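**Student:** To convert, count from 1 in the sequence shown and add 376; that's our numbering. A virtual CB, placed ideally from N, CA and C, is assigned to each residue, including glycine. Predicted model, so just to flag it, every value in this text is computed and none were measured. The structure that follows is given in the form of structure tokens.
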Amino acid sequence: MLRSFLFNYRLPNEVSDDVAESIKAQVDQIESLFSTAQAKAQALRQSGKFTPAGLKDELRALAQQTESQLAALEAKAQGYLDNAAQEEHRIRPVKPAGDEVLRFLKEQEVRRWLDGQDPIQVEAMYKETIRKGGDTLIADAVENDPRPQRLVRPELVDELRGERLAQANPETARRVNELRSAHSIVTSSVKTARSELSKLGLGIVDDPIKRQATGTEGE
């Protein structure tokens, strides 16, 4: 099928055939859902069979049906992230339980110390630990921080965790990267479809104030 520019995407370098095919299949489904909803909405508007209220009901039903299908594809895309996490977990060395407890206590102590440091300095120390190698205690303390208010920005943790993985196991890092890219591509396509459907009057509005403003209250 000839892809609309709305749903064009760029694959990561050296993507495996299975992931490339999976991405294509899901984006094709998303584009097909969008095109079908677009055609149905146009047919409903041009049919002349409905009163204004009746047309609104038909379009609302179409929007809800399409949204449920898009949500299912979005949920399915979560599998890419689940598989990426499994790949990362698979190569982690198994340590004796006693070592795990001792390491946890050391990381906890390091986090208490880092809490008293300037955030910019903490990020600098974290980067240096990853990029210069050696003892990984600071990096582990940062990445394993269970608190909602993290020591380091989540996006930096993701970036440097990827670097650590690439240093330790380049092939697994490549696989994790392509799985995360696949998730990003599919979820971005879902967002595009929702945005374009909204422009066609087929958006699902969740905010009560917006519902009232757009005349979709009571859904």
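Counting pairs of beta carbons, one from the stretch 544-561 and one from the stretch 404-413, are three or more of them closer than 8 Å?
**Tutor:** No, because fewer than three Cβ pairs between the stretch 544-561 and the stretch 404-413 fall closer than 8 Å, the two stretches do not touch.
**Student:** Below 8 Å CB to CB, which residues in the same chain sit around residue 552 once its five sequence neighbours on both sides are set aside?
**Tutor:** Position 176 of the sequence shown holds residue 552. The answer, listed in chain order, is 460, 463, 464, 538 and 541.
**Student:** Whose CA, out of 432, 563 and 574, lies closest to the CA of residue 421?
**Tutor:** The residue you call residue 421 lines up with position 45 of the sequence shown. That would be 432, whose Cα lies nearest to the Cα of residue 421.
**Student:** Do you know whose CA, among 389, 398 and 382, lies nearest residue 559's CA?
**Tutor:** Residue 559 sits at position 183 when you count from the first residue of the sequence shown. Comparing Cα positions, the closest option is 398.
**Student:** Taking only the alpha-carbon atoms, compute the straight-line gap between residue 486 and residue 445 and give it to the nearest angstrom.
**Tutor:** The residue given as residue 486 occupies position 110 in the sequence shown. The residue given as residue 445 occupies position 69 in the sequence shown. Cα-Cα distance, rounded: 46 Å.
**Student:** Using the beta-carbon count (16 or more within 10 Å), is residue 512 buried or exposed?
**Tutor:** Residue numbering aside, residue 512 sits at position 136 when the sequence shown is read from its first letter. Counting Cβ neighbours within 10 Å, residue 512 comes out exposed, since fewer than 16 surround it.
**Student:** Less than 8 Å between the CB atoms is what I'm expecting for residue 498 and residue 527, so what's the real figure, rounded?
**Tutor:** Residue 498 sits at position 122 when you count from the first residue of the sequence shown. Residue 527 sits at position 151 when you count from the first residue of the sequence shown. About 6 Å; that satisfies the 8 Å criterion.
**Student:** Quick check on the DSSP output: the alpha helix (DSSP H) that includes residue 512 runs from which residue to which?
**Tutor:** Stepping through the sequence shown from its first residue, residue 512 is reached at position 136. Neither: residue 512 is in no alpha helix (DSSP H) and is coded neither H nor E.
**Student:** Among 519, 576 and 569, which residue has its Cα nearest to the Cα of residue 443?
**Tutor:** On the sequence shown, residue 443 is found 67 positions in, with the first residue counted as 1. Nearest option by C-alpha distance: 569.
**Student:** Taking only three categories from DSSP, how would you classify residue 467?
**Tutor:** Reading the sequence shown from its first residue, position 91 is the one you call residue 467. The answer is coil: DSSP assigns residue 467 none of H, G, I, E or B.
**Student:** Run through DSSP, which three-state label would residue 405 get?
**Tutor:** For this step, residue 405 is matched to residue 29 along the sequence shown. The answer is helix: DSSP assigns residue 405 an H, G or I state.
**Student:** Would you kindly work out how many angstroms separate the C-alpha atoms of residue 395 and residue 452, rounded to a whole number?
**Tutor:** Taking the first residue of the sequence shown as 1, we reach residue 395 at position 19. Taking the first residue of the sequence shown as 1, we reach residue 452 at position 76. Answer to the nearest angstrom: the Cα atoms are 14 Å apart.
**Student:** In the DSSP assignment, find the unbroken alpha helix (DSSP H) run with residue 494 in it and report its ends.
**Tutor:** Numbered from 1 along the sequence shown, position 118 holds the residue referred to as residue 494. Element bounds for residue 494: n/a, residue is neither H nor E.
**Student:** What did DSSP end up calling residue 576 once you bin it into helix, strand or coil?
**Tutor:** Taking the first residue of the sequence shown as position 1, residue 576 is located at position 200. Three-state DSSP puts residue 576 in coil, outside helix and strand.
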